[in-house]
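Chains as they are written, first to last, in our numbering: chain A, -2 to 502; chain B, -2 to 502.
For every residue, glycine included, the Cβ atom is placed at its ideal position computed from N, Cα and C.
Remember, predicted model here, so these are calculated numbers, not experimental data.
Data block below; observations after.
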């Protein structure tokens, strides 16, 4: 065997370990009995340890060097530099160097610190008391700063942290785009506030049979094109999507008898992630390239199918009669228009995961700014709740009545996930940049959606985005698809147009 | 760390890999979409390869030697030779030596040969045509004979194969017991044949709501003592039990709308396996000792709860009224007595997995004799169907109309599982040897079962058998519990008494 197939064999085993690890994580959140928790944590740690050791071994580096030489020779002989194998070597080289840069003592120290911090945070949130959590966050910020130093950066330490989730995306670029968006969105929220629909989303909070909710969600995502021969959906407390192969993609969702949104929009959201994972080229199967380009790019797909499609008027033109047929009593007093407005209610609120399309971005920008302040030393952990509340007032005009509804609401910081939050908003921005291109490419898309047809849309995404997996970074993909970088204009135009129409502002 | 904890750490990681492997196997048979099959096979192979490499590495041997010295020193200072840690070292030493004896080329060759053979067998069975499968079986027999030579034996080559599933059990001992049983059972089958109940088990083949069957099975196994905080039950095409921890034991069962037995007795059978796995001492968690002593000992537990309890008159005194409450129409014409007889119908039949308590053992003895004939060269693969049919006529007085209902019915031989079949019948024999001891130890057991009380029975099994896991072999456990070796008398007495009463013979 030449070095390239040797490298692929080694990477395939590492992929197998990652997929086994993903499966035991899926089981933990779907079917595992409570008694299995302790053993499961050990199993997970062992699989991660072994795959990390295999990946960061000198042997992997040796094979990468030799395979790079093989690819270079093939390149001189005409191999496309974007060919799967060329990209496999360069992307894996990037992963390898990142993985080797972090001392294993630091990895262990972060694991220990976050293990404790999550427990303390759980208690602190339950008691809505920042004080006990504060020193743990301070410790995590210190470790994350060390992590940034280990990973290396040229401009901002946050670059190194963001790069873990959004490779090659720079803090300065994100900040510039967020800064460009902020005043307009704050203004829109204020304008809507004055005209808010007094009924809000009350209709979504009626009683809906759980099995019928489940079935309706499945009906929609079958039409979206989710392939149930290559995936399935199960229940979990916290919805997520994972996969163990391009041909085995698992969605999970939750169902609330007294609230339609979790099962309905949650299913569409996770399906967006799932369609991305089912869409990687089969030539990437069993390689590290069969994964999303970044968390932001992944989120662009979930937001596209949840919001741009699933909360649109054309979508509900097709699906509202079907939903009313499933729930005739609950929706007897509703029209397409009233239901569409309920599903698009905008209202400043404290909890990020319950935020609407307009206010959501502000929740993220708040966190992004605070993470940078923490990492760059302008803010200390003890002052976080105060800084949080000040920004909530500035961005949304509200102040959380408790810290549990403020700075303690998310698990991310206690888990050491600094640099993760902005990817949610990058997903929103990217989804609109794609949506602009899609509407140009498919002029009758609205008409197709009104008829419940999503095949051409999915095909566009497959060809332009999904098939590539991790062959390209999100900045590279944006360049290929839109000819430029992050651009806030489509996002702002969408919010202003859609919610301007709904709220008459 | 001294060598013993080092050894335990290494073995714990290997256990983690085995459990991850078991989980991906469980998922494959319960929830995996069809598309996941190809990747799953690779994942499974990778986990097995890595755990095999870790286990057979020189480092494991070095730690075993050092840990053995540590245990010997502790023994000199008074450590019980049956203490967990002493047994961990001796049992692992036995596993290690067995694993190191088989050349990896032979393992790979058997994997390749059986991979092909299973495909050919699937086709051959569908067409009921022995010829295409014959050369594949010949190849497997040749490889299994090589495997026996590699593993080593002093008396019979079959000893080495049997030892994989039933450590330290000898072919000669099994054969002596089977030979002692055979004439009596053949005579009993003949005697019953003349008096067979003309209605047979027709009542079990009525239409039973699937969800109610499922619920009834769960109600019984909750009473048996299966702990649903440390386990669960799911559906699969082929029922099985597996576990990923003493505290995470998974049963599976199937449900047939037109046949009560699969979900009912299948659930009780798998629960017997599950109670064994939940009963290992918690001190054995995360070690290779947290497993059944042998397949035969495992099967003794499934048979005990399925047959000795679940097909007994006292059991049905308690549960028949409940079953009739669940299915009032289907069981309107039934009495306790008629239902009990239906559930214990004896009739010679072609398919092993559908056989009753009396005829089942004969199906196994037939396979045991033929496997020995094949391995010792007295029979060649091409002559198997003829030899099979001759024995079916001798043992059960019937001749399969097709090879699919004869020598092609089981997957075991195509999978290279030579030496596996006798463990099923060993399970039956051992279950009765235990049952004798139990009835002496718990004189009012019948009364307890009539009242749906199983706690004292389970406690006896926990204390005398379950807690030990793999600390002792099945011959050692038999010796500890019964004071002797395999003994056919309790089995024969049970069959003659129970079925003598039912059939008046």
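Residues of chain A with CB closer than 7 Å to the CB of residue 389 (chain B), please, in chain order. Near residue 389 (chain B) there are no residues of chain A at all, since even the closest Cβ is about 41 Å away, more than 7 Å.
In the DSSP output, which residue or residues are listed as bridge partners for residue 230 (chain A)? A:248
Taking the DSSP output, what are the residues bridged to residue 242 (chain B)? B:245
Below 9 Å on C-beta distance, what does residue 241 (chain A) contact in chain B? 21, 24, 29, 33, 36, 37, 40
Can you tell which of A:245, A:210, A:349, A:187 has its C-alpha closest to the C-alpha of residue 232 (chain A)? A:210
Under 7 Å (Cβ pairs) to chain B, residues found in the segment 178 to 210 of chain A: none
Give the straight-line distance between the Cα atoms of residue 479 (chain B) and residue 427 (chain B), rounded to the nearest whole angstrom. 10 Å
Determine the chain B residues that contact residue 283 (chain A) at a beta-carbon separation under 8 Å, and present them in chain order. 36, 39
Please work out which residues of its chain come closer than 6 Å, Cβ to Cβ, to residue 371 (chain A), disregarding the five sequence neighbours upstream and downstream, and give them in chain order. 138
Just the chain B side, please: which residues come within less than 7 Å of residue 228 (chain A) by C-beta, in chain order? 30
Span separating the alpha-carbon of residue 349 (chain B) from that of residue 198 (chain B): 17 Å
Cβ pair residue 398 (chain B), residue 166 (chain B) closer than 8 Å: no
If contacts are defined as beta-carbon pairs under 8 Å, then residue 470 (chain A) and residue 290 (chain A) qualify, I think. What distance do you get, rounded to the angstrom? 6 Å
Does DSSP put residue 347 (chain B) in a helix, in a strand, or in coil? coil
Once you ignore the five residues that flank residue 393 (chain B) on each side, which residues in its own chain have a CB closer than 7 Å to its CB? 186, 345, 356, 359
Burial state of residue 437 (chain A), where buried means 16 or more other Cβ atoms lie within 10 Å: exposed
Tell me residue 253 (chain B)'s beta-bridge partners as DSSP assigns them. B:256
Quick test of your reading: residue 30 (chain A) and residue 225 (chain B), contact by CB under 8 Å. State the CB separation rounded to the nearest angstrom. 7 Å
Give, in chain order, every residue of the segment 365 to 381 of chain A whose Cβ lies closer than 9 Å to some Cβ of chain B. none
C-alpha gap between residue 200 (chain B) and residue 337 (chain B), whole angstroms: 11 Å
What does the Cβ neighbour count give for residue 271 (chain B), buried or exposed, with the cut at 16 atoms within 10 Å? buried
Determine the burial state of residue -2 (chain A): buried for a count of at least 16 other Cβ atoms within 10 Å of its Cβ, exposed for fewer. exposed
To which residues of the same chain is residue 120 (chain A) closer than 8 Å at the C-beta, ignoring the five residues directly before and after it? 129
Quick one: what does DSSP say residue 284 (chain A) is sitting in, helix, strand or coil? coil
Thinking just about the alpha-carbon of each residue, which of A:222, A:249, A:241 is nearest to the one in residue 234 (chain A)? A:249
Does residue 17 (chain B) get closer than 8 Å to chain A when you measure Cβ to Cβ? yes
Any chain B beta carbon closer than 8 Å to residue 134 (chain A): no
Is the distance from the Cβ of residue 12 (chain A) to the Cβ of residue 284 (chain A) below 8 Å? yes
Taking all protein chains shown into account, decide if residue 255 (chain B) is buried (16 or more other Cβ within 10 angstroms of its Cβ) or exposed. exposed
Would you mind giving the Cβ-Cβ distance between residue 267 (chain A) and residue 236 (chain A), rounded to the nearest angstrom? I have them listed as a contact below 8 Å. 6 Å
Shortest alpha-carbon distance to residue 45 (chain B) belongs to which of B:67, B:108, B:6? B:108
So which residues of chain A does residue 10 (chain B) contact, with C-beta pairs closer than 7 Å? 43
From which residue to which residue does the alpha helix (DSSP H) around residue 471 (chain B) run? 471 to 479
With 7 Å as the C-beta to C-beta threshold (strictly closer), list the residues of the segment 69 to 101 of chain A near chain B in chain order. none
What residue range does the alpha helix (DSSP H) around residue 294 (chain A) cover? 292 to 300
Helix, strand or coil at residue 335 (chain B) according to DSSP, with G and I counted as helix: helix
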